[in-house]
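Participant: Here it is, the structure in full.
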Amino acid sequence: MKKNRIWIIIAVMASALAGIVLVQVFWINNVLVQKEKLFDYQVNEALHTAAEKIETKFAAKIFGEAYGLTIIEDSLYTYAPRISDSIMQRVMESQMKDAIIAKNEKNKTEVSPFTGNNEIQGTIPNRPVVKLQQIEIDGSLPESYSDMENNFTPQIIEGLDKQFQQGSDLMKKTVDQFYIEMISRGLQPERWIDTAYLSKVLKEELMNRGIDAGFNYGVLKDNKYLITNASEGVKKELLMTQHKATLFPSNIFSEPDYLFVDFPNQKNYLFQSVWMLLFGSLLFTAIIIVVFTYTIHILYRQKKLSEIKSDFINNMTHEFKTPLATISLAVDAISNPIIIENKDKILHYSHIIKEENRRMNGQVEKVLQMAMLDRNQINLSKDEIDIHDIIVRAVENISILIEEKGGKIHTELNAENFELTGDEVHLMNVIYNLLDNANKYSPEIPEIVVRTENNKFGIFIYVKDNGIGMTQENLKMIFEKFYRVPTGNIHNVKGFGLGLAYVKAILDAHNGTINVISQPDKGSEFKIFIPFQS
Numbered sequence: 069m070k071k072n073r074i075w076i077i078i079a080v081m082a083s084a085l086a087g088i089v090l091v092q093v094f095w096i097n098n099v100l101v102q103k104e105k106l107f108d109y110q111v112n113e114a115l116h117t118a119a120e121k122i123e124t125k126f127a128a129k130i131f132g133e134a135y136g137l138t139i140i141e142d143s144l145y146t147y148a149p150r151i152s153d154s155i156m157q158r159v160m161e162s163q164m165k166d167a168i169i170a171k172n173e174k175n176k177t178e179v180s181p182f183t184g185n186n187e188i189q190g191t192i193p194n195r196p197v198v199k200l201q202q203i204e205i206d207g208s209l210p211e212s213y214s215d216m217e218n219n220f221t222p223q224i225i226e227g228l229d230k231q232f233q234q235g236s237d238l239m240k241k242t243v244d245q246f247y248i249e250m251i252s253r254g255l256q257p258e259r260w261i262d263t264a265y266l267s268k269v270l271k272e273e274l275m276n277r278g279i280d281a282g283f284n285y286g287v288l289k290d291n292k293y294l295i296t297n298a299s300e301g302v303k304k305e306l307l308m309t310q311h312k313a314t315l316f317p318s319n320i321f322s323e324p325d326y327l328f329v330d331f332p333n334q335k336n337y338l339f340q341s342v343w344m345l346l347f348g349s350l351l352f353t354a355i356i357i358v359v360f361t362y363t364i365h366i367l368y369r370q371k372k373l374s375e376i377k378s379d380f381i382n383n384m385t386h387e388f389k390t391p392l393a394t395i396s397l398a399v400d401a402i403s404n405p406i407i408i409e410n411k412d413k414i415l416h417y418s419h420i421i422k423e424e425n426r427r428m429n430g431q432v433e434k435v436l437q438m439a440m441l442d443r444n445q446i447n448l449s450k451d452e453i454d455i456h457d458i459i460v461r462a463v464e465n466i467s468i469l470i471e472e473k474g475g476k477i478h479t480e481l482n483a484e485n486f487e488l489t490g491d492e493v494h495l496m497n498v499i500y501n502l503l504d505n506a507n508k509y510s511p512e513i514p515e516i517v518v519r520t521e522n523n524k525f526g527i528f529i530y531v532k533d534n535g536i537g538m539t540q541e542n543l544k545m546i547f548e549k550f551y552r553v554p555t556g557n558i559h560n561v562k563g564f565g566l567g568l569a570y571v572k573a574i575l576d577a578h579n580g581t582i583n584v585i586s587q588p589d590k591g592s593e594f595k596i597f598i599p600f601q602s
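For reference, each letter of the sequence shown is one residue, going 69 to 602 in this note's numbering.
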């Protein structure tokens, strides 16, 4: 695949990935914004409901003080509509309806509105009743006042009218006391609302809306705290909150009191409410990014392998072309009538043909061996061997090539325990390949050092040269099949790029390791470890 096409594919995939990430970010941000709006709405709704409950309690307190009654707390909490709303409406209209107080079957009294049309209507006004105690009327009431007129004598009806009138007067007197109380001394919630009560009402209303986050609250008037559970350091932040409500919305006679609520960990709470959504989104986005990165890596790797295989074919063609050409020339020479009668010449050319044939056969064997190693089909013959003896023989075989370039090879066989279990032939090839590489990539006079040492687990073999060295990029690829360190456009280094790949495969089969330290123009040092028992 051409490089330009790869870049186009990468650009398209990167753009699509960036688009997916941006959509995810926008979507997550939108979810958080909607969650925050819903949270603010529910909190403000809870505050207004709590303020209504508190106002209801205050109104009931005034009624209780007027009649000497005990207020049933539970009935106040279930009484969501405000009594004061209906009372305020009637005071402003100067049309206070009468009321009757009747004892119900549960021994608790009920206050119901009553009009001058001799007809009992609904509760105040068409809402649930306020339950009081200690007020009784002898007897029970019929279902409607019209039934009374049909079933009782005029004297009884007249007596009931008087009782209704007394109840109406009592209600008017109570309403008057309620508003006199508001005007004369103010609501002063700090006198009758304690912190525990306010916390209870707020917590109940927030929990009813599914909000269980920790909060600070305060009741303020003229920017002064009347009631609060906030510490000194948090009070300023409490004033900055957007969650507030008027504590007594029906009070038009004095400056309003405000109920503030602040959530110190609001952002964390909102994140926790959508953490599964966020986690899933981030997880799948991360998977897409990882897959995208891996795909790019595979594309480059495949491109690199394609280039390496092309180089391998070119090198193989070159490696086979030279000996074939040499053999062809030798055969032509032998066919010459002058040479054919010269026995020494024929032997010389026969030797050339044999060596070139051996050389081609060796190259083919390397390719076949690598294929067998890839399929784990190669059988190692592991025996007790002397690794120093193998190193000495490998040095002797390569010495001629090194001396041809004017170089030298030094051995420092310092290992005290040099016997191990391994395949002699393949380990011999490993040492030879390393020495051959050192010679190939030393353009000037080669200086090669072979050194051994051991620990209690195995033997270390070091092969150091003064060659061209390698970059960090080359070091990552040198053990790949068909990879050859580039030396320019001139084919001055022979081989298929299988030598170090073969070395790595054989050492892996012996449970050994190989490492290399190298810098450009400063040579390389290969470090081999072979365990005693492999």
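Cβ coordinates follow ideal geometry from the N, Cα and C atoms, glycine included. The structure presented is a predicted model; accordingly, all values stated were derived computationally and were not measured.
Applying the 10 Å Cβ sphere with the 16-neighbour rule, what's the burial state of residue 287?
Facilitator: Here the question's residue 287 lines up with position 219 in the sequence shown. The residue in question, residue 287, is buried, as its Cβ has 16 or more Cβ neighbours within 10 Å.
Participant: Between the segment 577-586 and the segment 594-602, can you find at least three pairs of beta-carbon atoms closer than 8 Å?
Facilitator: yes
Participant: Quick check: what's the CA-CA separation for residue 602 versus residue 568?
Facilitator: Here residue 602 refers to the residue found at position 534 when the sequence shown is read from its first residue. Here residue 568 refers to the residue found at position 500 when the sequence shown is read from its first residue. Between residue 602 and residue 568, the C-alpha separation is close to 20 Å.
Participant: For residue 65, which residues does DSSP report across the bridge?
Facilitator: There is simply no residue 65 to check, as the chain begins at 69 and stops at 602 in what is shown.
Participant: Identify, in the order they occur along the chain, each residue of the same chain with its Cβ nearer than 6 Å to the Cβ of residue 579, setting aside the five sequence neighbours on each side.
Facilitator: On the sequence shown, position 511 is the one that residue 579 refers to. These residues qualify, in order along the chain: 599, 602.
Participant: Is DSSP giving residue 313 helix, strand or coil here?
Facilitator: Taking the sequence shown and counting its residues from 1, one reaches residue 313 at position 245. Reduced to three states, the DSSP call for residue 313 is strand.
Participant: Taking the Cβ atom as the reference point for each residue, do residue 506 and residue 513 lie within a distance shorter than 7 Å?
Facilitator: As a working note, residue 506 is residue 438 in the sequence shown. As a working note, residue 513 is residue 445 in the sequence shown. No.
Participant: Below 8 Å on the Cβ atoms is my guess for residue 284 versus residue 276; work out the distance and round it to an integer in Å.
Facilitator: Sequence index remark: in the sequence shown, residue 284 carries index 216 (1-based). Sequence index remark: in the sequence shown, residue 276 carries index 208 (1-based). With a Cβ gap of about 20 Å, residue 284 and residue 276 do not count as contacting.
Participant: How many angstroms separate the CA atom of residue 440 from the CA atom of residue 431?
Facilitator: As a first step, residue 440 is located in the sequence shown; it is residue number 372 there, counting from the start. As a first step, residue 431 is located in the sequence shown; it is residue number 363 there, counting from the start. If you take the alpha carbons of residue 440 and residue 431, they lie about 14 Å apart.
Participant: By DSSP's criteria, residue 490 is part of a beta bridge. Which residues make up the other side?
Facilitator: For the purposes of this step, residue 490 is taken as residue 422 along the sequence shown, with counting starting at 1. Paired residue(s): 451.
Participant: Should residue 550 be labelled buried (16 or more other beta-carbon atoms within 10 Å of its own) or exposed?
Facilitator: Working through the sequence shown from its first residue, we reach residue 550 at position 482. Around the Cβ of residue 550, a 10 Å sphere holds 16 or more other Cβ atoms; the residue is buried.
Participant: Just to confirm my understanding: we take residue 590, look at its own chain, exclude 5 residues before and 5 after, and list those with CB closer than 6 Å. What are they?
Facilitator: Start at 1 with the first residue of the sequence shown, and residue 590 comes out as number 522. So the qualifying residues of the chain are 537.
Participant: Comparing alpha-carbon positions, which option in 541, 545, 575 lies nearest residue 588?
Facilitator: By 1-based counting over the sequence shown, the position of residue 588 is 520. Minimum Cα distance to residue 588 is reached at 541.
Participant: Out of curiosity, what's the CA-to-CA distance linking residue 388 and residue 502?
Facilitator: Working through the sequence shown from its first residue, we reach residue 388 at position 320. Working through the sequence shown from its first residue, we reach residue 502 at position 434. Residue 388 and residue 502: Cα-Cα distance of roughly 22 Å.
Participant: Rounded to whole angstroms, what's the CA-CA distance from residue 336 to residue 102? Just pull it up for me.
Facilitator: Here the question's residue 336 lines up with position 268 in the sequence shown. Here the question's residue 102 lines up with position 34 in the sequence shown. Each residue's alpha carbon lies about 15 Å from the other.
Participant: Residue 121 and residue 269 - do their beta-carbons sit closer together than 7 Å?
Facilitator: On the sequence shown, residue 269 is found 201 positions in, with the first residue counted as 1. On the sequence shown, residue 121 is found 53 positions in, with the first residue counted as 1. Against a cut-off of 7 Å, the Cβ pair of residue 121 and residue 269 comes out as a contact.
Participant: Would you tell me roughly how many angstroms separate the C-alpha atoms of residue 163 and residue 127, rounded to the nearest one?
Facilitator: Along the sequence shown, one-based indexing puts residue 163 at 95. Along the sequence shown, one-based indexing puts residue 127 at 59. Low confidence applies to residue 163: its pLDDT is 35, below 50, so where it sits in the model is not reliable, and the reading given next is rough at best. Cα to Cα, the separation comes out at about 19 Å.
Participant: Do you know how far the Cα of residue 532 is from the Cα of residue 482?
Facilitator: Stepping through the sequence shown from its first residue, residue 482 is reached at position 414. Stepping through the sequence shown from its first residue, residue 532 is reached at position 464. Cα-Cα distance, rounded: 15 Å.
Participant: Can the beta-carbon of residue 306 be found closer than 7 Å to that of residue 325?
Facilitator: If you number the sequence shown from 1, residue 306 lands on position 238. If you number the sequence shown from 1, residue 325 lands on position 257. No, they are not a contact pair.
Participant: Is DSSP giving residue 592 helix, strand or coil here?
Facilitator: Along the sequence shown, one-based indexing puts residue 592 at 524. Reduced to three states, the DSSP call for residue 592 is strand.
Participant: Cα-Cα, which of 90, 316, 447 is closest to residue 357?
Facilitator: As a first step, residue 357 is located in the sequence shown; it is residue number 289 there, counting from the start. Nearest option by C-alpha distance: 90.
Participant: Provide the residue(s) that pair with residue 292 in DSSP beta bridges, ordered along the chain.
Facilitator: Taking the sequence shown and counting its residues from 1, one reaches residue 292 at position 224. The partner list for residue 292 (beta bridge, DSSP) reads 289.
Participant: Based on the DSSP output, what are the partners of residue 476 in its beta bridges?
Facilitator: Counting from 1 along the sequence shown, the entry for residue 476 is found at position 408. Answer is 515, bridged to residue 476.
Participant: Take every Cβ of the segment 75-94, pair it with every Cβ of the segment 354-368, and state whether three or more of those distances are shorter than 8 Å.
Facilitator: yes
Participant: What residue range does the beta strand (DSSP E) around residue 327 cover?
Facilitator: In the sequence shown, residue 327 corresponds to position 259, counting from 1. Counting along the chain, the beta strand (DSSP E) containing residue 327 begins and ends at 326-330.
Participant: For residue 349, which residues of its own chain have a beta-carbon under 8 Å away from its beta-carbon, when the five flanking residues on both sides are left out?
Facilitator: Taking the sequence shown and counting its residues from 1, one reaches residue 349 at position 281. Only 92, 95, 96 meet the Cβ criterion.
Participant: Just curious, the alpha helix (DSSP H) that residue 379 is in, first and last residue?
Facilitator: In the sequence shown, counting from the first residue as 1, residue 379 sits at position 311. 343-403 is the span of the alpha helix (DSSP H), which, as asked, contains residue 379.
Participant: Of all the options 534, 486, 500, which has the alpha carbon lying nearest to the alpha carbon of residue 526?
Facilitator: On the sequence shown, residue 526 is found 458 positions in, with the first residue counted as 1. Minimum Cα distance to residue 526 is reached at 486.
Participant: Look up residue 79 in the DSSP assignment and say whether it is helix, strand or coil.
Facilitator: As a position in the sequence shown, residue 79 is number 11, starting the count at 1. Helix, per DSSP.
Participant: Within the continuous alpha helix (DSSP H) that includes residue 539, where are the two ends?
Facilitator: For the purposes of this step, residue 539 is identified with residue 471 of the sequence shown, where counting begins at 1. Following the DSSP letters along the chain, one finds residue 539 in no alpha helix (DSSP H), marked with neither H nor E.
Participant: Out of 458, 428, 508, which has the shortest C-alpha to C-alpha gap to residue 471?
Facilitator: Along the sequence shown, one-based indexing puts residue 471 at 403. Of 458, 428, 508, the residue nearest in Cα terms is 508.
Participant: From the DSSP secondary-structure annotation, give me the bridge partner or partners of residue 520.
Facilitator: Working through the sequence shown from its first residue, we reach residue 520 at position 452. DSSP output for residue 520 lists 481, 529 as bridge partner(s).
Participant: Starting from residue 264, trace the alpha helix (DSSP H) in both directions and tell me its first and last residue.
Facilitator: Along the sequence shown, one-based indexing puts residue 264 at 196. 263-276 is the extent of the alpha helix (DSSP H) around residue 264.
Participant: DSSP three-state label for residue 467, please.
Facilitator: The residue given as residue 467 occupies position 399 in the sequence shown. Helix, per DSSP.
Participant: Under a Cβ-count criterion, where at least 16 other Cβ atoms within 10 Å of its own Cβ denotes burial, should residue 494 be classed as buried or exposed?
Facilitator: Walking along the sequence shown from the start, residue 494 turns up at place 426. With 16 or more Cβ atoms within 10 Å of its Cβ, residue 494 is classed as buried.
Participant: Between which residues of its own chain and residue 77 is the CB-CB distance below 8 Å, once the five residues before and five after are set aside?
Facilitator: On the sequence shown, position 9 is the one that residue 77 refers to. So the list reads 367, once near-sequence residues are dropped.
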